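Protein chains in written order, with my numbering: chain X, 149 to 500; chain H, 149 to 500; chain D, 149 to 500; chain S, 149 to 500.
Ideal Cβ positions, reconstructed from N, Cα and C, are used throughout, including at glycine.
As the structure is a computational prediction, the values presented were derived from the model and not from experiment.
Inspection log for the structure reproduced underneath, given as structure tokens.
Structure (structure tokens):
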């Protein structure tokens with residue numbers, strides 16, 4: 149009952165259920181009777197473990213169900229009505245949330261990007277050009293910055309870059325929010341130098357992705373300062389984002405954080421992606437976006453694509469001007485060495 | 149790690165995880181690789197099974213995460229901007245959703261109720277008084293009717309009542325929407341004469357509750373006519389209600405519907421509630437709301453309450469004018485005969 | 149080209165254009181060239197004159213176009229997303245704004261009323277019952293109080309009542325907002341003891357009605373503390389409530405406030421309403437709502453109504469259980485002694 | 149009491165009150181007693197005259213107060229929740245409405261432009277790329293096209309261009325909406341070949357600007373098909389856009405349309421703008437946007453700007469990369485030959 153059981157599964161990183169340790173925790177705690185709405189002991193324990201991992205004991209953690217939901221709730225919670233959210237024009241909030249941000253009443257103020265990353269200089273320009281415009285009160289005020297780590301293109305902000313973005317936002321008095329839907333892939337990446345404590349120190353709010361990193365569902369929002377957002381419980385409820393059995397989110401994150409599993413759960417996925425990228429390049433395929441985490445973007449001719457698609461589930465991104473297609477292969481916490489080996493063989497076969 | 153492990157758990161019906169058959173299905177399918185966003189084979193199979201149970205092959209089913217979310221999405225999807233939703237003033241949408249309906253732009257037009265149920269005559273009055281008001285265009289137009297089966301007070305609409313509500317709505321050209329958060333408790337109730345096929349025939353949309361009826365999370369919206377609501381997929385996404393791993397909802401409902409488990413999963417809960425209500429009455433406690441499903445509402449003096457609360461987790465509803473409190477005991481699919489026996493003993497002990 | 153030129157015009161108080169002094173000011177200033185958006189010298193002068201009349205030099209004034217618009221903008225500006233506005237269930241925001249408050253995302257929390265007025269005790273009950281409810285975060289938090297002076301029934305809050313409402317709100321930390329759509333009729337009423345300085349002292353925001361009190365359009369929002377609402381200019385713009393030629397509002401309020409015209413412009417309307425109420429009562433018609441300002445509510449049999457309606461434009465309010473109708477006669481700043489005399493003759497004729 | 153009485157007024161086209169004929173109509177009708185909310189005889193007469201001018205007897209006309217308000221109401225009325233509005237990235241809805249469109253829940257889908265104009269080819273690309281995207285349901289669907297005639301840069305769509313845009317929209321089944329805030333300047337322009345009947349034939353909704361074309365306030369929305377938008381009255385009310393004394397809008401448009409004044413009221417403004425543009429060019433100043441209506445955009449060095457700004461109120465648009473500034477001079481229906489002569493002298497003086 150695979151997507152197509154005869155194909156190798158590299159279409160995305162949310163195709164399987166939960167990591168065995170996570171599933172096991174759900175099974176083990178299933179018949180416990182606990183309070184609802186995230187006020188249970190598992191959510192408390194998960195919060196504590198996460199804050200410890202973030203070296204941020206004075207913070208708080210909220211558990212939500214999915215990425216778009218988390219982004220919408222947090223944007224609505226962080227902004228006032230006359231504010232917009234700055235984001236790369238490739239940012240998830242700008243493109244693939246079916247207008248969720250606008251449905252919440254806010255404009256996405258699109259910024260230029262390089263491989264999905266925004267530059268502090270562009271943030272400064274956007275803020276300054278708003279501040280100095282005589283008609284600024286007729287325009288949407290930049291009220292927060294949204295970035296994703298890793299980005300939608302799998303790339304990473306370095307610690308130096310994140311420091312500069314954070315300093316820029318703080319100088320302007322606007323919050324920095326980090327979408328960590330795939331954060332475990334960043335944390336496990338060889339090139340990464342941004343830790344959870346760094347995020348807690350530099351961001352005003354960020355979320356630690358579960359759905360794509362080993363849970364059935366769930367994202368953990370970290371607010372480094374407890375009480376930073378008044379009314380948040382009610383806003384979560386109002387958005388339909390408050391789970392009655394909230395403890396199923398707590399249980400899963402407890403499993404990921406009680407012994408540091410989150411930091412290593414995606415290591416193999418990153419390694420495998422590196423091997424795939426190398427093999428593609430070795431066989432002459434262009435990889436126009438630097439592979440840093442679990443997503444490999446490459447250009448394929450129609451013939452190459454036909455060959456690949458016959459054996460592998462993969463993702464189409466966009467038509468390239470020269471007739472090639474930008475494609476994506478994604479590994480995940482569930483990717484096996486067997487599947488990677490299979491894929492590398494297919495690539496090799498295609499190249500022959 | 150119970151709410152309070154030393155107490156009997158009758159506080160609500162969402163305190164435990166999933167029914168063993170449901171959990172088992174999640175475990176069994178965990179490592180399958182499937183498409184996301186509810187387009188997977190399990191969601192398809194669950195949809196088919198649900199439509200079969202509803203004798204409604206021309207319908208469609210959508211899986212969402214929780215009750216408030218489902219109500220908000222469906223109200224937003226069924227109404228145009230100048231419409232409001234009629235509901236009992238005790239309805240979940242009117243009271244306990246933190247203003248979710250209004251956050252979506254719509255007024256809840258409150259109706260009188262009897263034990264949580266609205267009467268067709270009051271619907272007719274509301275519609276007619278709007279229609280004949282010279283200022284009607286300055287007022288909110290009733291655009292749909294929201295009811296819950298069972299209601300927030302555990303009571304049931306009879307088939308005759310539902311037929312009349314449906315006919316009233318259809319005569320006025322407005323949709324009837326049924327919140328079935330606890331529908332399994334209605335379907336299993338001895339007094340119930342409203343079947344799933346009746347709901348599919350008489351409602352324009354309804355949802356089959358999972359969260360309170362044996363799943364970890366999830367509600368199944370049934371639209372008896374496929375395609376009745378254009379843009380629904382995008383609206384679900386926009387509300388942050390589209391789960392990436394949508395298949396975990398499909399898997400759970402598949403388990404509940406493939407062999408009719410949903411129709412019997414709450415039978416014992418209803419039986420137990422009847423026994424509890426009888427025992428309370430036998431010992432002289434007033435049960436002011438007819439017990440029909442899994443919720444028992446009764447009045448307790450401060451002394452009775454103290455005694456009960458020392459042994460049982462139960463719910464406070466409201467202060468009664470005479471100094472007593474309206475309390476709630478709720479059974480669930482997970483309630484055991486041992487717990488019921490324990491509770492009955494406590495009641496007996498209190499009465500002595 | 150009257151509504152029906154053959155009838156006496158008592159249907160409402162917005163049937164004619166502007167008071168001659170107001171119209172004259174518009175004519176006199178018509179070809180001046182000024183900055184737009186309310187930043188012109190006339191708006192500044194009107195603001196200064198209004199703040200002087202309110203004995204509130206540290207406040208600020210914003211000019212909007214109409215009552216529903218002003219209420220929606222101010223509710224949206226004063227509330228956060230999880231808040232609702234408390235109001236009498238007869239309040240304009242609760243009934244006759246086509247759901248504008250809900251379209252802005254907020255619930256109207258309806259309060260009981262006596263002739264359109266709310267009581268401080270009911271406010272306290274509403275706030276306390278929210279504060280002490282274990283599920284309060286699942287419910288809409290009372291975030292402000294809306295009252296109208298005079299009310300939709302033409303009745304007046306006394307200074308003592310207003311003091312108590314204000315103290316109640318301040319004790320709870322929520323703003324008090326006063327809708328003064330017909331404020332000039334209150335200020336000119338013999339029984340009134342609430343002055344503009346009282347309003348500025350006791351309310352957190354209120355508006356001085358223009359549309360029903362002598363202008364072509366326009367309402368002046370007074371914020372007793374300058375800068376109390378950040379982002380207000382942009383929120384007004386966002387609501388489509390910012391007039392390019394904002395000065396036409398300033399010019400009109402300048403005319404009403406530069407020499408105190410606003411305080412006397414509705415005196416005759418109030419006097420005339422008192423005479424009408426007395427005459428109705430003298431002729432045996434019941435006046436179930438105390439006449440205090442320019443609106444007279446009375447009960448008419450079908451025969452009386454037929455007779456009246458043949459000669460007078462008047463308003464239907466609601467069907468009375470005994471077959472009579474609750475009707476409204478409204479005077480205005482434009483009502484003439486001739487019209488009143490005519491109306492009294494009709495009442496006399498009807499009674500014969 | 150001018151903006152700065154010592155300077156020539158070319159800052160914008162909403163600096164003065166109403167055209168004398170419009171003001172005279174307001175004065176003449178001031179003490180008439182009419183029904184409110186636009187249901188009066190003047191609104192009816194103005195509607196009839198406008199539909200006659202549009203050769204569109206089967207249409208309907210709605211009177212609103214200002215441009216941003218009209219755009220927000222119409223976008224909200226024409227779109228469903230999952231739709232966005234396509235517009236030039238320089239369009240008023242995209243830039244200068246403080247996020248009004250997003251506050252209404254909709255994304256502005258920005259299109260490339262040439263001097264403020266969009267091309268049918270780009271519309272087709274936008275629609276087709278949405279339609280063929282596998283993730284289209286996760287993205288905002290283009291639900292209407294917004295254009296302005298003349299554009300924010302004063303340029304004009306030709307009839308051929310408008311025909312193509314209209315055909316493109318109709319082929320895709322999406323409405324075309326035209327913002328005519330400055331429509332009188334288009335209709336009077338020598339190069340213009342788009343008439344009111346053309347707009348009524350090719351657009352699904354458009355508005356005839358009053359505020360910038362001779363009224364105190366007011367815009368007339370034309371729907372070529374009566375009843376095309378259900379619930380519109382209530383939506384206007386809900387947006388706070390329904391004027392109690394609606395007749396003051398009807399009276400003004402009646403004055404503009406009863407004898408065709410609207411078609412000639414801006415003729416001199418266009419002529420004057422042409423003269424100004426020619427003079428600027430003659431003196432070596434670059435005019436980078438073709439002058440077609442009442443707005444003249446030109447580039448000035450810092451020295452030129454200092455000289456001009458000492459004598460003339462004018463508008464700053466943007467800093468040019470080479471150190472010059474893009475400036476705007478706007479004429480209006482109220483511009484006098486004396487003022488133009490004065491301005492031309494200043495330009496001449498600057499050039500010396």
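DSSP state of residue i mapped onto helix, strand, coil
i                      : result
residue 277 of chain X : helix
residue 443 of chain S : strand
residue 244 of chain S : coil
residue 395 of chain H : helix
residue 179 of chain D : coil
residue 495 of chain X : helix
residue 295 of chain X : strand
residue 265 of chain X : strand
residue 354 of chain D : strand
residue 163 of chain S : coil
residue 470 of chain D : coil
residue 158 of chain H : coil
Beta-carbon proximity list for residue i, same chain, < 6 Å, skipping 5 on both sides
i                      : result
residue 560 of chain X : Because chain X spans 149 through 500 in this model, residue 560 of chain X falls outside it and cannot be assessed.
residue 203 of chain S : 345
residue 248 of chain X : 216, 220
residue 195 of chain D : 209
residue 288 of chain S : 232, 255
residue 490 of chain D : 156
8 Å contact criterion, which residue i and residue j should meet: CB distance rounded
i                      : j                      : result
residue 437 of chain S : residue 428 of chain S : About 12 Å separates the two Cβ atoms, so there is no contact after all.
residue 396 of chain X : residue 365 of chain H : 7 Å
residue 227 of chain X : residue 221 of chain X : With 8 Å as the limit, residue 227 of chain X and residue 221 of chain X do not qualify as a contact, their Cβ atoms being about 11 Å apart.
residue 411 of chain H : residue 350 of chain H : So it is not a contact: roughly 18 Å between Cβ atoms.
residue 377 of chain H : residue 225 of chain H : 5 Å
residue 255 of chain S : residue 232 of chain S : 4 Å
residue 325 of chain S : residue 234 of chain S : About 10 Å; that fails the 8 Å criterion.
Own chain residues within Cβ distance below 8 Å of residue i, not counting five before or after
i                      : result
residue 159 of chain H : 151, 461, 462, 463, 478
residue 392 of chain S : 184, 185
Beta-carbon proximity check, residue i vs residue j, cutoff 8 Å
i                      : j                      : result
residue 271 of chain S : residue 313 of chain S : yes
residue 362 of chain D : residue 170 of chain D : yes
residue 409 of chain X : residue 417 of chain X : no
residue 372 of chain S : residue 252 of chain S : no
residue 487 of chain X : residue 431 of chain X : no
residue 474 of chain X : residue 445 of chain X : yes
residue 286 of chain H : residue 385 of chain S : yes
residue 400 of chain D : residue 200 of chain D : no
residue 250 of chain D : residue 258 of chain H : no
One or two residues paired with residue i in a DSSP bridge
i                      : result
residue 476 of chain S : S:445, S:463
Contacts around residue i, its chain only, beta-carbon distance under 7 Å, and the 5 residues preceding and following it disregarded
i                      : result
residue 298 of chain H : 304, 330, 333, 334, 440, 441
Requested in this report: Return the residues of the region 151-179 of chain D that lie within a Cβ-Cβ distance of less than 8 Å from chain A, sorted by chain order.
Outcome: Among the protein chains in the structure shown, which are X, H, D and S, there is no chain A.
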